[in-house]
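Quick notes on the structure that follows.
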Amino acid sequence: MLRKRRLLLSLGAASLASGTLGLPAGVARAQGRPLTFCSWGGALSDLEKTALLEPFAKLKKIEIAFASPTNYAKIKAMVQAGAPEWDLVNVGGRFIDQGKDVLETLDMTLIPNARALDPGWVTSRGIFTSTGATVMAWNTKAFPAGKGPSSWKEFWDVRAFPGPRGLYKQLYYNYEAALLAAGAPRDQIYPVTDEKIKLVFEKLREIKPHVKVWWTAGAQPPQLLSSGELALSSAWNGRVLAVMKENAPVAMTFSDGIAWGNAWVVLKGSPQAKVAMEAINYAVSEEAQLRLLDAGTYGPALGSAAARATPEQQKILVTAPQNARQMLIINEGEAARYSAKYEDDWNRFLLA
Numbered sequence: 146m147l148r149k150r151r152l153l154l155s156l157g158a159a160s161l162a163s164g165t166l167g168l169p170a171g172v173a174r175a176q177g178r179p180l181t182f183c184s185w186g187g188a189l190s191d192l193e194k195t196a197l198l199e200p201f202a203k204l205k206k207i208e209i210a211f212a213s214p215t216n217y218a219k220i221k222a223m224v225q226a227g228a229p230e231w232d233l234v235n236v237g238g239r240f241i242d243q244g245k246d247v248l249e250t251l252d253m254t255l256i257p258n259a260r261a262l263d264p265g266w267v268t269s270r271g272i273f274t275s276t277g278a279t280v281m282a283w284n285t286k287a288f289p290a291g292k293g294p295s296s297w298k299e300f301w302d303v304r305a306f307p308g309p310r311g312l313y314k315q316l317y318y319n320y321e322a323a324l325l326a327a328g329a330p331r332d333q334i335y336p337v338t339d340e341k342i343k344l345v346f347e348k349l350r351e352i353k354p355h356v357k358v359w360w361t362a363g364a365q366p367p368q369l370l371s372s373g374e375l376a377l378s379s380a381w382n383g384r385v386l387a388v389m390k391e392n393a394p395v396a397m398t399f400s401d402g403i404a405w406g407n408a409w410v411v412l413k414g415s416p417q418a419k420v421a422m423e424a425i426n427y428a429v430s431e432e433a434q435l436r437l438l439d440a441g442t443y444g445p446a447l448g449s450a451a452a453r454a455t456p457e458q459q460k461i462l463v464t465a466p467q468n469a470r471q472m473l474i475i476n477e478g479e480a481a482r483y484s485a486k487y488e489d490d491w492n493r494f495l496l497a
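Residue numbers for the sequence shown follow my numbering, so the first one is 146 and each next one is one higher.
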């Protein structure tokens, strides 16, 4: 994570086997299908399709099928059944650890472009291909564009910023937001401790009466903010930027945002594992990464591509120094740990 922090702050079809002998029936049948990519949907999936995967398909003269949204339970069930319907999947970084038993170990000889990435974006089972953030967003009829909250502490202040809220329906992101709302310095958010978890739940109990929606899909916050059903919400920056382009009455801030990356993984037993890894290699090439700048939603993971952003592009780029210095970079290993260890506590909190 220190390497990843330095990056953010400084910046500032072939199948795995040709025959079917010895393969499970489901995998054997799947060898005849195209490479299948699954992501979260919305602006992110659109970006990955047009900027990263369609050019790769054209280059390789192959067909790629697209699916959404990513579903961890389905991933595990498909792999355990020996017949994954998806080959290449965009997952949250914590799943690289949580789902390690259902993910292929990447053959790095097929992904030489990963050498140009900051090491913080590269793991043995997943590589981060783009960057985003969980930010505070609001309805501009409730608060003018520059008058929304600029910190999680302000987001928690229901007197200064009245109105129904939205928060993610997992402890993920909420752990970090609650500690920041409590005044914890960014460099003390991790490691996770029982004392910090106690404070997290105390802060979340404060805001819970004002949380109208615990959202589960990235499309929900911008939709609910646009309609006025919510006044404020946590949200994924790319989703918010997409509706802002359509002149929706929504604004956001990178201030106190929680920065993360989108990781691409290959499912264990995929008959398209080799070409899936070649797709990862193309996605982190400078040629492909530069296209992310023009999209104006999610930014590049490749430092040399992000460094070529124009001043206007940097305004909405997570890795731009003026934005990065305002944000916390999520520690995916710690997030995987607290998500598992305190899952029962979180479920009880939601039901209380």
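Using N, Cα and C, we set each Cβ at its ideal position, and we do this for glycine too.
Just so it is clear, the structure is predicted and the values come from calculations on it, not from any experiment.
The three-state reading of DSSP puts phenylalanine 273 in strand, counting E and B together. In the three-state DSSP reduction, glycine 308 falls in the coil class, being neither helix nor strand. Within 10 angstroms of the beta-carbon of aspartate 489 lie fewer than 16 other beta-carbons, which makes it exposed. Straight through space, the alpha carbons of arginine 239 and asparagine 319 are spaced by roughly 15 Å.
With contacts defined by Cβ atoms closer than 8 Å, valine 388 and serine 371 form a contacting pair. Secondary structure at leucine 437: helix, using DSSP grouped into helix, strand and coil.
Going by beta carbons, leucine 316 and tyrosine 483 fall inside the 8 Å limit.
For alanine 408, the CB contacts under 8 Å within the same chain, skipping 5 residues up- and downstream, are Asn235, Val236, Gly237, Gly238, Phe240, Ile241, Thr268, Gly271, Ile272, Phe273 and Thr274 in chain order. One Cα belongs to glycine 373, the other to proline 309, and the distance between them is close to 9 Å.
Residue environment for asparagine 492: exposed (fewer than 16 other C-beta atoms within 10 angstroms of its C-beta).
Within the region 393–450, the complete beta strand (DSSP E) segments at least 3 residues long are 395–411, listed from N- to C-terminus. Under the three-pair Cβ rule at 8 Å, the region 375–386 counts as touching the region 283–298.
For the options Ala480, Lys357, Lys390 and Ala396, the alpha carbon positioned closest to that of valine 280 is the one of Ala396.
DSSP assignment within the region 276–337 yields the following whole alpha helix (DSSP H) runs of 4 residues or more, N-terminal first: 297–300 and 319–326. Inter-segment contact for the region 415–432 and the region 185–200 is present: three or more beta-carbon pairs are separated by less than 8 Å.
Here the alpha carbons of valine 303 and histidine 355 stand approximately 8 Å from one another. In the structure shown, the three-state DSSP call for glycine 237 is strand. Take the alpha-carbon of serine 296 and the one of aspartate 401: they are about 5 Å apart. Looking at the DSSP output, threonine 361 sits in no beta bridge, so it has no partner there.
Per the coordinates, the alpha-carbon of lysine 419 lies some 48 Å from the alpha-carbon of glutamate 299. For tryptophan 491, the enclosing alpha helix (DSSP H) begins and ends at 488–496. Taking the Cα of glycine 363 as reference, the smallest distance to any Cα among Leu251, Leu369, Gly406 and Ala380 is reached at Ala380.
DSSP places alanine 212 inside the beta strand (DSSP E), whose first and last residues are 209–212.
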